[in-house]
Amino acid sequence: MKKLIISSIVIIAVGITIFLGVKQRNNNPKFRLEKVVRGEIISSVTATGTVNPVTTVQVGTQVSGTIKEIYADFNSPVTKGQLIAQIDPAPFEAQVEQAKANLFSAKANKEKAEATLIDAQRTLKRNQQLFAEDLIARSDLDTAETNYETAKAALNAAEAQITQAEAALKYAETNLRYT
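So the sequence shown is numbered by the numbering used here: it starts at 15 and just counts up by one.
Okay, structure coming up:
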């Protein structure tokens, strides 16, 4: 029986060796062969990425408003200084007219303040003379002085309103030119 077991082991070992040897011969790499020919080498590359412009241009306006007309289309070539679109000037024209009216009103207020100042100055001089002759009370003179100072302040305020109205008119005219 020992011989049978040893013989079986030897036969199994020989079978495994033969099986593995045949399998290794079948695993040899296979090559495809071509004849050598002359030709151009064409190389193409496929890649992903981003395309960045050489120059980035910011397009904007000095004033905002409704577009009246467009003179350039999307992706159309334009040159520096070329008019691309026009903003509707009607609201800006109205602002200019309103600023002119405010300036006119401020000038009228100044004339009124000048007249009030002249009247207050006359009243003050008259009351100073009357007070010097002891014909009016001190409180009447004080009231005349207060009215005079108030009239001077009102004139200064009217002049400041004119300056402010002129600046508003200039600003409105500038905005109108941007349309």
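All C-beta atoms in this analysis are idealised placements derived from N, C-alpha and C, irrespective of residue type, glycine included. None of the values given here were measured: they were computed from a predicted structure.
Exposed or buried, what is residue i when buried is set at 16 or more other beta-carbons lying within 10 Å of its beta-carbon?
i: F215; result: Absent from the model: residue 215. The displayed extent of the chain is 15 to 193, so no value can be given.
i: K124; result: buried
i: V110; result: buried
i: L169; result: buried
i: A167; result: exposed
i: A172; result: buried
i: L117; result: buried
Is residue i near residue j, with beta carbons less than 7 Å apart?
i: A2; j: L183; result: With the chain covering 15 to 193 only, the question about residue 2 has no answer from this structure.
i: I176; j: A115; result: no
i: A122; j: A165; result: no
i: D102; j: T80; result: yes
i: V59; j: Y192; result: no
i: D154; j: N141; result: yes
What span of residues does the alpha helix (DSSP H) with residue i cover, start to end?
i: A168; result: 152 to 191
i: I132; result: 104 to 146
Give the range of the beta strand (DSSP E) segment to which residue i is assigned.
i: I101; result: 99 to 101
What's the C-alpha gap between residue i and residue j?
i: A186; j: Q100; result: 17 Å
i: A179; j: I98; result: 33 Å
i: L47; j: I55; result: 19 Å
i: T188; j: T75; result: 13 Å
Is the segment 128 to 140 touching the segment 157 to 173 in the sense that three or more CB pairs, one from each, lie closer than 8 Å? yes
Any chance the segment 70 to 77 sits against the segment 88 to 107, with 3 or more Cβ pairs inside 8 Å? yes
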